[in-house]
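Taking UniProt numbering, the leading residue of the sequence shown gets 1, the next gets one more, and so forth.
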Amino acid sequence: MKRPSSAAQLAGASVIAGLSGLVVTWAVARVSGPEAYAVFAVFWSAMYLVIGCLAGVQQEVTRSVAVSVRTDRSLHTSGWRFATGVSLGIVVLVAASLPLWAPSSFGNPYLALALPLLLGIGIFVFMATVSGSLAGTGSWAGVSFIIGMDGVLRLVTVAVSLLFTDDPALLAWMVVAPLPITLGTAIVLFRRPLGQAMVLTDGYRTLLWNIVRTMTAAAGSAILITGFPLLLALVSDRSQQNELAPLILAITLTRAPLLMPLSAFQGFLVVQFAKKPDGQWRLLLRLTAGLAVFGALAAVLARLTGPAILELFFGSEYVLGGELLALLVAAAAAIACLYITGPAVLASGAHAGYALGWLGAVFCALLVMSVPGGGLSERAVLALTLGPMVGVVLHIGFLLARRRSAKSGVGTLPVPVAGVE
């Protein structure tokens, strides 16, 4: 029997993890009720906001290990020591920031949620380092194992806990519990490739500087995607608390059909754009046109059936109007556009342009959300639509600039592309 390709393994693991997260969302919302679900969802958002930023650690470790494998450079930096330093630094930074945002988002006392948050992000740095090391050596089975096992274990731990409690603090510990289990199992199962891979080619100072830059780019998507519920909690007042849980749930559900597959195939899209530099614009137009058609159909479907589906699966407390659900689907399509233009920009070698597109989207979204007045739902829809559109415009601007410089014979070479199984 033919072994699945690396792309198939990664896609399968990503789908499993994504579906597991959606089932966790459904289970907690259904069992806990809106008030407890809102607290849990904000914790989930805060944790995965930081984890989303830490994707930059995995990317940089992957690059460094790949260079080490390819060139056998003499400088050897311990991956374990590096991960320990980064983990401690991130935990200290987040802990120091807690008084600024945790009381208004977690409620008081916030320590019950802060402790699992700090432990979770501290462990995840090691998981990101291990995943990056495995990816750098081409051990995609190991990377896929970590992605899939983490998601499935989280579904199991949260589901079992919901049989006995709906306390958000205890559920938060169940969200964190799979991290050390997955990490330890991966280290044992893939100890042979890890034995060589946990040696990086660059010095600590170079690695840290590179990670700061990659984390900055990752922070843009993390704030708009996983961190947005936390932002909603920060800008909402007491009169809007009843609106918070249904809105967070609706945003999560309306994004899933578009963003789950696109996020799983970001690397694949980069490869496709890089392979066909002459047909880049044709591919970009084809993908965005398909996205527009799918988004329009999904918005109509949400308008007609969304309220009934929410009531059927989650209960009447989570029902929102069909018009709002349709607008949220349209906003999800706007964010999905960034998931298409981003790989195109990366494939052209404009890493700064990629980061600036996401940061521009975040800045616009934050600006909209910070404007006083207006309902929480209205501001959320505007922020999630206008922000990504600004990012798309910036990305296209960088692509046009690259096209002009290529025609004039000025500029950098496109990103070299490795083979894909």
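Don't be surprised by glycine CBs; every beta carbon is placed ideally from N, CA and C.
These numbers were taken from a predicted model, which means no experiment stands behind them.
Would you say residue i and residue j are within 8 Å of each other, going by their C-beta atoms?
i, j, result
"L10", "W140", "yes"
"L394", "L356", "yes"
"G151", "G21", "yes"
"V345", "F398", "yes"
"residue 424", "L134", "The chain is shown from 1 up to 421; residue 424 falls before or after that span and cannot be answered."
"G148", "A361", "no"
"I146", "I51", "no"
"A350", "R402", "yes"
"L118", "V94", "yes"
"M47", "V175", "yes"
"F313", "W26", "yes"
"S79", "V91", "What sits at residue 79 in the sequence shown is Gly, not Ser. No, they are not a contact pair."
"L310", "T254", "no"
"A250", "G295", "no"
"L153", "T182", "yes"
"V130", "V86", "no"
"A102", "I248", "no"
"A365", "A383", "yes"
"S246", "L320", "Per the sequence shown, the amino acid found at residue 246 is Pro instead of Ser. Yes; because the gap between Cβ atoms is below 8 Å, this pair is in contact."
"S105", "L234", "yes"
"A177", "T157", "yes"
"L100", "Y110", "no"
"K276", "L283", "yes"
"T206", "Q59", "no"
"A169", "A112", "yes"
Whose C-alpha, out of the options, is nearest the C-alpha of residue i?
i, options, result
"E317", "V158, I123, A29", "A29"
"V42", "L244, V125, I309", "L244"
"A332", "N242, P388, L153", "P388"
"A66", "L194, F268, A334, I396", "L194"
"L291", "A274, P261, L119, L320", "P261"
"P343", "A401, L162, L93, F273", "F273"
"G322", "P307, Y48, T254", "P307"
"T252", "I16, S6, L301, S45", "S45"
"S54", "S236, V371, A217", "In the sequence under discussion, the amino acid at residue 54 is Leu, which differs from the Ser named in the question. Of the candidates S236, V371, A217, the one whose C-alpha sits nearest the C-alpha of L54 is A217."
"S236", "A114, G107, L189, S263", "G107"
"P34", "V86, G315, I123, R192", "G315"
"A7", "L400, F363, V270, G374", "V270"
"L285", "T157, T341, T137, A159", "T341"
"A114", "V156, T84, L171", "L171"
"V392", "V160, P246, L366, W358", "W358"
"F82", "P109, S105, S97, M127", "M127"
"V31", "Y110, D167, L207", "D167"
"V160", "R192, G89, V24", "V24"
"T137", "S64, T206, T84, P116", "S64"
"V390", "A299, G220, P372", "G220"
"A17", "S263, L304, L367", "S263"
So, helix, strand or coil for residue i, using DSSP?
i, result
"F78", "Checking the displayed sequence, the identity of residue 78 turns out to be Ser instead of Phe. Reduced to three states, the DSSP call for S78 is strand."
"T165", "coil"
"P4", "coil"
"A17", "helix"
"T25", "helix"
"R403", "helix"
"P372", "coil"
"P34", "helix"
"K275", "helix"
"P178", "helix"
"N242", "helix"
"Y110", "coil"
"G184", "helix"
"T137", "coil"
"I123", "helix"
I'd like to confirm something about residue i: is its beta-carbon nearer than 7 Å to some heavy atom of the ligand HEM, or not?
i, result
"A331", "Within the structure as shown, the ligand HEM is missing, as the structure has no ligands at all."
Checklist entry - Between the segment 214-227 and the segment 370-378, do three or more beta carbon pairs fall short of 8 Å? => result no
Checklist entry - How about the segment 333-341 and the segment 246-261: do they share at least three Cβ pairs that are nearer than 8 Å? => result yes
Next on the checklist: Could you tell me which whole beta strand (DSSP E) segments of length 3 or greater appear in the segment 305-356?
Outcome noted: Listed in chain order, nothing qualifies, since the segment 305-356 has no complete beta strand (DSSP E) run of 3 or more residues.
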